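First residue of the sequence shown: 30, per my numbering; consecutive thereafter.
We put the CB at the ideal spot given by N, CA and C, even for glycine.
Note that the coordinates shown come from a computational prediction; the quantities given were computed from them, not determined experimentally.
Report on one structure; see the data block that follows.
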Amino acid sequence: MGFRTFLAWSSIVVFTLLLGALAFLTFPFDRKGNVIHLYARLWGRLILWASGVKVKIRGLERIAPGRPYIFMANHLSAYDIFVLLSELPVQFRWLAKAELFRIPVLGWAMGTAGYISLDRSEPKKAYRSMEEAARRIREGTSVVIFPEGTRSKDGRLQPFLKGGFTLAVKSQVPIVPISISGTWEIMPPQSRKVRKGDVEVVVGEPIETKGYTMKEREELMKRVSEAISANLREGRG
Numbered sequence: 030m031g032f033r034t035f036l037a038w039s040s041i042v043v044f045t046l047l048l049g050a051l052a053f054l055t056f057p058f059d060r061k062g063n064v065i066h067l068y069a070r071l072w073g074r075l076i077l078w079a080s081g082v083k084v085k086i087r088g089l090e091r092i093a094p095g096r097p098y099i100f101m102a103n104h105l106s107a108y109d110i111f112v113l114l115s116e117l118p119v120q121f122r123w124l125a126k127a128e129l130f131r132i133p134v135l136g137w138a139m140g141t142a143g144y145i146s147l148d149r150s151e152p153k154k155a156y157r158s159m160e161e162a163a164r165r166i167r168e169g170t171s172v173v174i175f176p177e178g179t180r181s182k183d184g185r186l187q188p189f190l191k192g193g194f195t196l197a198v199k200s201q202v203p204i205v206p207i208s209i210s211g212t213w214e215i216m217p218p219q220s221r222k223v224r225k226g227d228v229e230v231v232v233g234e235p236i237e238t239k240g241y242t243m244k245e246r247e248e249l250m251k252r253v254s255e256a257i258s259a260n261l262r263e264g265r266g
């Protein structure tokens, strides 16, 4: 194990335990999870720092303060999570796989922060998760989704799953496409080795969903995919 990998994984363990303890102490006074989300942002920044990762982000001016959004980003690496936590300066909640909520300390912190569990094991559970997420968004909560559903094995944009777009149609709030490049080289899927490097994030123009119906999800998926792809080319350029 190289020094960078050792330092990165050690920081993940240490900072997760420390900030998890802070979340435990804060929870009784922070039922909405806003302060705990700030701890999560700090957690992401500390891990990026320990990993030797520098992030450049463009397009934040496209996000209107106080307005709920569904942020949709391409998914290259576990480091996408640290990057988005660190760089998106808004209160948001993850729509994440139910398995992540079973991880000790991290899963508890995610639950107390108000992150939304998506259980795909049964159709009824997945439906309830979507209904809960749509309700939260309509009430003013922004969420982050990886529409590919899993990390890309080859670094290319993969086909999207329909779940996030069902949520967008139900909630009728804008989708913000986010393009991430550079994290695959830092730690690709199926690898535990960490390399220092630079990451580029481009926040695209919000895509309105008002008026879209379930029959038009495919069109919405195409628009978001094209926006992410175009901004990936811009970021790499």
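Counting only the same chain and skipping the five closest in sequence on each side, list residues whose C-beta sits under 8 Å from that of residue i.
{"i": "GLU245", "result": "VAL198"}
Which of the three DSSP states, helix, strand or coil, is assigned to residue i?
{"i": "PRO218", "result": "coil"}
{"i": "ARG262", "result": "helix"}
{"i": "LEU89", "result": "helix"}
{"i": "PRO206", "result": "strand"}
{"i": "ILE110", "result": "helix"}
{"i": "GLU229", "result": "strand"}
{"i": "MET101", "result": "strand"}
{"i": "VAL42", "result": "helix"}
{"i": "ILE166", "result": "helix"}
{"i": "LEU147", "result": "strand"}
{"i": "ILE236", "result": "strand"}
{"i": "VAL223", "result": "coil"}
{"i": "ARG33", "result": "helix"}
{"i": "LYS83", "result": "strand"}
{"i": "ALA125", "result": "strand"}
{"i": "SER171", "result": "strand"}
{"i": "GLU177", "result": "coil"}
{"i": "ILE132", "result": "coil"}
Assuming contact is defined by CB atoms lying nearer than 8 Å, are residue i and residue j in contact in what I supplied?
{"i": "ARG149", "j": "ALA155", "result": "yes"}
{"i": "ILE166", "j": "VAL205", "result": "no"}
{"i": "ARG91", "j": "LYS225", "result": "no"}
{"i": "ALA256", "j": "ILE236", "result": "yes"}
{"i": "PHE111", "j": "GLY73", "result": "yes"}
{"i": "GLY233", "j": "GLY95", "result": "no"}
{"i": "ALA37", "j": "VAL230", "result": "no"}
{"i": "GLU151", "j": "ASN103", "result": "no"}
Could you tell me whether any Cβ in chain E is nearer than 8 Å to the Cβ of residue i?
{"i": "VAL64", "result": "This model lacks chain E altogether, as it is built from one protein chain only."}
Give every residue of the same chain whose Cβ lies closer than 7 Å to the Cβ of residue i, excluding the five residues on either side of it in the sequence, and list them in chain order.
{"i": "GLU71", "result": "It is worth fixing the name first, because residue 71 is Leu in this sequence and not Glu. Correct list, in chain order: LEU48."}
{"i": "GLY184", "result": "LEU105, TRP213"}
{"i": "GLY136", "result": "LEU129, PHE130"}
{"i": "ARG180", "result": "HIS104, LEU105, SER106, PRO218"}
{"i": "THR238", "result": "ALA197, VAL198, GLN201, VAL202, PRO203, ILE204, LEU249"}
Please report the Cβ distance between residue i and residue j, rounded to the nearest whole angstrom; I am assuming they are in contact, meaning their Cβ atoms lie under 8 Å.
{"i": "ILE76", "j": "PHE44", "result": "6 Å"}
{"i": "GLU128", "j": "ILE145", "result": "Not a contact, Cβ separation roughly 14 Å."}
{"i": "LEU249", "j": "LEU186", "result": "LEU249 to LEU186, Cβ: 16 Å. No contact."}
{"i": "LYS182", "j": "PRO218", "result": "6 Å"}
{"i": "MET243", "j": "LEU196", "result": "Actually they do not touch by this definition, with Cβ atoms about 11 Å apart."}
{"i": "LEU46", "j": "VAL134", "result": "6 Å"}
{"i": "SER254", "j": "PHE189", "result": "6 Å"}
Excluding five sequence neighbours on each side, which residues of the same chain lie with their C-beta closer than 6 Å to the C-beta of residue i?
{"i": "TYR108", "result": "THR212, ILE215, MET216"}
{"i": "SER40", "result": "ILE76, ALA79"}
{"i": "LEU51", "result": "TYR68"}
{"i": "VAL84", "result": "VAL112, GLU116, VAL228"}
{"i": "SER200", "result": "ALA163, ILE166, ARG167"}
{"i": "ALA138", "result": "GLY49, ALA52"}
{"i": "PHE194", "result": "ARG246, LEU249, MET250"}
**Item:** Segment contact, 8 Å Cβ cut-off, at least three pairs: the segment 107-122 with the segment 62-71
**Value:** yes
**Prompt:** Is the segment 95-102 touching the segment 49-58 in the sense that three or more CB pairs, one from each, lie closer than 8 Å?
**Reply:** no
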